[in-house]
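This report refers to the structure that appears directly beneath it.
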Amino acid sequence: MRIAASTSVGRGKPARALLAALGLTLLPLLSVPTPASEAGTFTPVTPERALRFPRDFGAHPDYRTEWWYITGWLTDSQGRERGFQVTFFRSATGIGADNPSRFAPRQLILAHAALGDPDKGFLLHDERAARELPPLAGLSRDDTHAWIQDWTLQRDPDDNAYHTQIAAPDFAFDLRLVPPGPPVLNGRAGFSQKSPDPQDASHYYSRPQLEISGTLRLSEQAFPVTGRAWLDHEWSTAYLAEQAAGWDWIGINLHDGGSLMAYQMRRADGSKLWAGGTLVRPGASVQVLAPDDISFTPRRWWQSPRTGTDYPVEWSLDIPGTRLRLVPLMDDQELDARRSTATIYWEGAVRVLEQRPESDKAKSEEIGRGYLEMTGYWQRQSGL
Numbered sequence: 009m010r011i012a013a014s015t016s017v018g019r020g021k022p023a024r025a026l027l028a029a030l031g032l033t034l035l036p037l038l039s040v041p042t043p044a045s046e047a048g049t050f051t052p053v054t055p056e057r058a059l060r061f062p063r064d065f066g067a068h069p070d071y072r073t074e075w076w077y078i079t080g081w082l083t084d085s086q087g088r089e090r091g092f093q094v095t096f097f098r099s100a101t102g103i104g105a106d107n108p109s110r111f112a113p114r115q116l117i118l119a120h121a122a123l124g125d126p127d128k129g130f131l132l133h134d135e136r137a138a139r140e141l142p143p144l145a146g147l148s149r150d151d152t153h154a155w156i157q158d159w160t161l162q163r164d165p166d167d168n169a170y171h172t173q174i175a176a177p178d179f180a181f182d183l184r185l186v187p188p189g190p191p192v193l194n195g196r197a198g199f200s201q202k203s204p205d206p207q208d209a210s211h212y213y214s215r216p217q218l219e220i221s222g223t224l225r226l227s228e229q230a231f232p233v234t235g236r237a238w239l240d241h242e243w244s245t246a247y248l249a250e251q252a253a254g255w256d257w258i259g260i261n262l263h264d265g266g267s268l269m270a271y272q273m274r275r276a277d278g279s280k281l282w283a284g285g286t287l288v289r290p291g292a293s294v295q296v297l298a299p300d301d302i303s304f305t306p307r308r309w310w311q312s313p314r315t316g317t318d319y320p321v322e323w324s325l326d327i328p329g330t331r332l333r334l335v336p337l338m339d340d341q342e343l344d345a346r347r348s349t350a351t352i353y354w355e356g357a358v359r360v361l362e363q364r365p366e367s368d369k370a371k372s373e374e375i376g377r378g379y380l381e382m383t384g385y386w387q388r389q390s391g392l
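Number 175 in this note's numbering belongs to position 167 of the sequence shown; there are no gaps in the numbering.
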């Protein structure tokens, strides 16, 4: 890790080495969630706060944790399909508030980028970390703009399009992402509850059905790509309940132009602690899915050859009136982010099939594509 360039901290070494490379000792702030009872130094998430744009496209440094998450499918001119991820995280450290130095580590910025290539059979990925220190690394409070040196994500207020540039050793992309409409507010007008206790919550909106155009570089060759992507922006002070070990999440662009977001917070025994979701049908009102509306059922497991972690890479998902099947683009989409966010998780491209009744002998129909995220299988998810 580094403050303005990649570091030589090796894969698998403790994440404290990462922060030592920054001259910091802040890993506990990244690794330990903030219980609602101990979150007094940060702004709480409340249902009374209305989301307002474009202001809420930007950063919210008074909250403990925040992320801008882009996932999607890319198609090149030969018809080859790949999944990709770009994420910028912000973590308020709670220290340095009284320190006038611009080098005080009040806000940490971390970034993940990944490319899922079936020809290789595993994820290509890279990560970065920095304290907020413009012009090397920073975040806009007024609109979406996050960067760590030459890794960037920015929204153009003139045409509402997003632009991201990532240059990693094994891949690079330069993508323009255009939303078809306004943000989708998840939960109760953007207040997304994460446990039976409403203090465990986030402010959360999505930009589904982003139309992609741009360039992908692989093996020193650059070629044009198109596709569809999904952007999540979420910020919170206390989002992970003490009973929660991790979560399973999907963001799906449906082929009919709609979208589906669904998640479950899991206990250590795998049972559902809480769930929620948002279903958007073309020409219909947004449907908020309650905990009882959502049921995730693992159908097939895969074991990582590197960490030995078992992940349920195929699922059945029941929502009102529909049973869906989630099938991965490839099994090995495990991301080792111990050098930045001190965790290992599975984040990968999936196809979504609508399961037919057993009496219907026709094959299940693909109705969408998107991404599945699974945390807390390697170890209990404990923060960023």
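Glycine residues also receive a C-beta, built at the ideal position from the N, C-alpha and C atoms.
Original post:
What is the residue span of the beta strand (DSSP E) that residue 128 lies within?
Top reply: In the sequence shown, counting from the first residue as 1, residue 128 sits at position 120. From DSSP, residue 128 is part of no beta strand (DSSP E); its letter is neither H nor E.
Original post:
Can residue 378 and residue 261 be called in contact, C-beta distance under 7 Å?
Top reply: Indexing the sequence shown from 1 puts residue 378 at position 370. Indexing the sequence shown from 1 puts residue 261 at position 253. Yes, Cβ-Cβ distance for residue 378 and residue 261 is below 7 Å.
Subject >> Residue ranges of each beta strand (DSSP E) within the region 309-387, 3 or longer >> reply: 318-327, 330-336, 342-345, 351-362, 373-382
Original post:
What residue does the beta strand (DSSP E) around residue 258 start on, and which one ends it?
Top reply: On the sequence shown, residue 258 is found 250 positions in, with the first residue counted as 1. From DSSP, the beta strand (DSSP E) with residue 258 extends over 254-262.
Original post:
Which class does residue 64 belong to by DSSP, given the choice of helix, strand or coil?
Top reply: In the sequence shown, counting from the first residue as 1, residue 64 sits at position 56. In this structure, residue 64 counts as helix in the three-state DSSP scheme.
**OP:** Can you check DSSP and say which residues form a bridge with residue 288?
**Re:** Position 280 of the sequence shown, counted from the start, is the residue given in the question as residue 288. Its beta-bridge partners are 267.
**OP:** Keeping to the same chain, check which residues put their C-beta closer than 6 Å to that of residue 374; ignore five residues upstream and five downstream.
**Re:** In the sequence shown, residue 374 corresponds to position 366, counting from 1. So the list reads 359, 361, once near-sequence residues are dropped.
Subject >> Inter-residue spacing [alpha-carbon to alpha-carbon] between residue 323 and residue 112 >> reply: Along the sequence shown, one-based indexing puts residue 323 at 315. Along the sequence shown, one-based indexing puts residue 112 at 104. If you take the alpha carbons of residue 323 and residue 112, they lie about 45 Å apart.
Subject >> Integer Cβ distance of residue 221 from residue 275, believed to fall under 8 Å >> reply: As a position in the sequence shown, residue 221 is number 213, starting the count at 1. As a position in the sequence shown, residue 275 is number 267, starting the count at 1. That belief does not hold up - the Cβ atoms of residue 221 and residue 275 are roughly 42 Å apart, past 8 Å.
Subject >> Cβ neighbours of residue 12 in the same chain (closer than 6 Å, five flanking residues each side left out) >> reply: By 1-based counting over the sequence shown, the position of residue 12 is 4. At residue 12, the pLDDT of 28 sits below 50, so the modelled position is not reliable; the number obtained from the coordinates is stated separately. The answer, listed in chain order, is 144, 157.
Original post:
Tell me which same chain residues have a C-beta within less than 7 Å of the C-beta of residue 165, skipping the five on either side of it?
Top reply: Mapped onto the sequence shown, residue 165 falls at position 157. For residue 165, same chain residues with a beta-carbon under 7 Å away, outside a window of 5 residues either side, are 62, 151 in chain order.
Subject >> Boundaries (first-last residue) of the beta strand (DSSP E) holding residue 209 >> reply: As a position in the sequence shown, residue 209 is number 201, starting the count at 1. Taken as a continuous stretch (DSSP letters only), the beta strand (DSSP E) holding residue 209 covers 209-226.
Original post:
Given that a residue counts as buried once 16 or more other Cβ atoms are within 10 Å of its Cβ, and exposed if not, what is residue 134?
Top reply: Residue 134 sits at position 126 when you count from the first residue of the sequence shown. Label assigned to residue 134: buried.
**OP:** Helix, strand or coil for residue 191, going by three-state DSSP, please let me know.
**Re:** Counting from one through the sequence shown, the residue named residue 191 turns up at place 183. Three-state result, residue 191: coil.
Original post:
Tell me which same chain residues have a C-beta within less than 6 Å of the C-beta of residue 249, skipping the five on either side of it?
Top reply: As a position in the sequence shown, residue 249 is number 241, starting the count at 1. Closer than 6 Å at Cβ, skipping near neighbours: 203, 208.
Original post:
Leaving out five residues before and five after residue 171 in sequence, what residues of the same chain have Cβ atoms less than 6 Å from its Cβ?
Top reply: On the sequence shown, position 163 is the one that residue 171 refers to. Same-chain partners within the cutoff: 162, 184.
Original post:
Just how far apart, CA to CA, sit residue 22 and residue 210?
Top reply: Sequence index remark: in the sequence shown, residue 22 carries index 14 (1-based). Sequence index remark: in the sequence shown, residue 210 carries index 202 (1-based). At residue 22, the pLDDT of 33 sits below 50, so the modelled position is not reliable; the number obtained from the coordinates is stated separately. Rounded to whole angstroms, residue 22 and residue 210 show a C-alpha spacing of 29 Å.
**OP:** May I ask which residues mark the beginning and end of the beta strand (DSSP E) holding residue 230?
**Re:** Here residue 230 corresponds to residue number 222 of the sequence shown, with the count starting at 1. That run of the beta strand (DSSP E) goes 229-246.
Original post:
Between the region 224-243 and the region 343-356, do at least 3 Cβ pairs fall closer than 8 Å?
Top reply: no
**OP:** Leaving out five residues on either side along the sequence, give the residues of the same chain with a beta carbon under 6 Å from the beta carbon of residue 382.
**Re:** Counting from one through the sequence shown, the residue named residue 382 turns up at place 374. 256, 319, 354, listed in sequence order.
Subject >> Where the beta strand (DSSP E) through residue 152 begins and ends >> reply: Locating residue 152 in the sequence shown gives position 144, where the first residue counts as 1. Unbroken run through residue 152: none, as it is neither H nor E.
Original post:
Considering only residues of the same chain and omitting the five flanking positions on each side of residue 285, which have a CB-CB separation below 6 Å?
Top reply: Position 277 of the sequence shown holds residue 285. Around residue 285: 269, 270, 297, 302.
Subject >> Reduced DSSP category for residue 306 - H, G, I as helix; E, B as strand; rest coil >> reply: Indexing the sequence shown from 1 puts residue 306 at position 298. For residue 306, the secondary structure class from DSSP, reduced to helix, strand or coil, is strand.
**OP:** Given a cut-off of 7 Å, decide if residue 71 and residue 51 are closer than it, judged by their beta-carbon atoms.
**Re:** Taking the first residue of the sequence shown as position 1, residue 51 is located at position 43. Taking the first residue of the sequence shown as position 1, residue 71 is located at position 63. Closer than 7 Å, so yes.
Original post:
To the nearest angstrom, how far is it from the Cα of residue 236 to the Cα of residue 169?
Top reply: Counting from one through the sequence shown, the residue named residue 236 turns up at place 228. Counting from one through the sequence shown, the residue named residue 169 turns up at place 161. Rounded to the nearest angstrom, the two C-alpha atoms are 13 Å apart.
Subject >> Reduced DSSP secondary structure (H/G/I, E/B, other) of residue 300 >> reply: Taking the sequence shown and counting its residues from 1, one reaches residue 300 at position 292. Helix at residue 300.
Original post:
Does the Cβ-Cβ distance between residue 101 and residue 120 come in under 7 Å?
Top reply: As a first step, residue 101 is located in the sequence shown; it is residue number 93 there, counting from the start. As a first step, residue 120 is located in the sequence shown; it is residue number 112 there, counting from the start. For residue 101 and residue 120, no; Cβs fall outside 7 Å.
**OP:** Go ahead and pull the three-state DSSP assignment for residue 144.
**Re:** Here residue 144 corresponds to residue number 136 of the sequence shown, with the count starting at 1. Coil, per DSSP.
**OP:** Determine the direct distance from the alpha carbon of residue 84 to that of residue 103, and round the result to whole angstroms.
**Re:** The sequence position of residue 103 within the sequence shown is 95, counting from 1. The sequence position of residue 84 within the sequence shown is 76, counting from 1. Roughly 46 Å between the two C-alpha positions.
**OP:** State the DSSP-derived secondary structure class of residue 95, mapped to helix, strand or coil.
**Re:** If you number the sequence shown from 1, residue 95 lands on position 87. Reduced to three states, the DSSP call for residue 95 is strand.
Original post:
Secondary structure at residue 39, three-state DSSP: helix, strand or coil?
Top reply: Translated into positions along the sequence shown, residue 39 becomes position 31. The predicted position of residue 39 is uncertain, since its pLDDT is 40 and thus under 50; no value can be drawn from it.
**OP:** For the beta strand (DSSP E) holding residue 175, just list the boundary residues, first then last.
**Re:** Translated into the one-based positions of the sequence shown, residue 175 becomes position 167. Its beta strand (DSSP E) spans residues 170-175.
Subject >> Classification of residue 107 by the beta-carbon crowding that lies within 10 angstroms, buried from 16 upward >> reply: Here residue 107 corresponds to residue number 99 of the sequence shown, with the count starting at 1. The residue in question, residue 107, is exposed, as its Cβ has fewer than 16 Cβ neighbours within 10 Å.
Original post:
Are the CB atoms of residue 179 and residue 132 nearer to each other than 7 Å?
Top reply: Position 171 of the sequence shown holds residue 179. Position 124 of the sequence shown holds residue 132. Yes, Cβ-Cβ distance for residue 179 and residue 132 is below 7 Å.
**OP:** Could you check the C-alpha separation between residue 329 and residue 267 for me, to the nearest Å?
**Re:** Numbered from its first residue, the sequence shown carries residue 329 at position 321. Numbered from its first residue, the sequence shown carries residue 267 at position 259. Distance between the alpha carbons of residue 329 and residue 267 is about 16 Å.
**OP:** Use the C-beta contact count for residue 288: other C-beta atoms within 10 angstroms, 16 or more gives buried, fewer gives exposed.
**Re:** Position 280 of the sequence shown, counted from the first residue, corresponds to residue 288. Classification for residue 288: buried.
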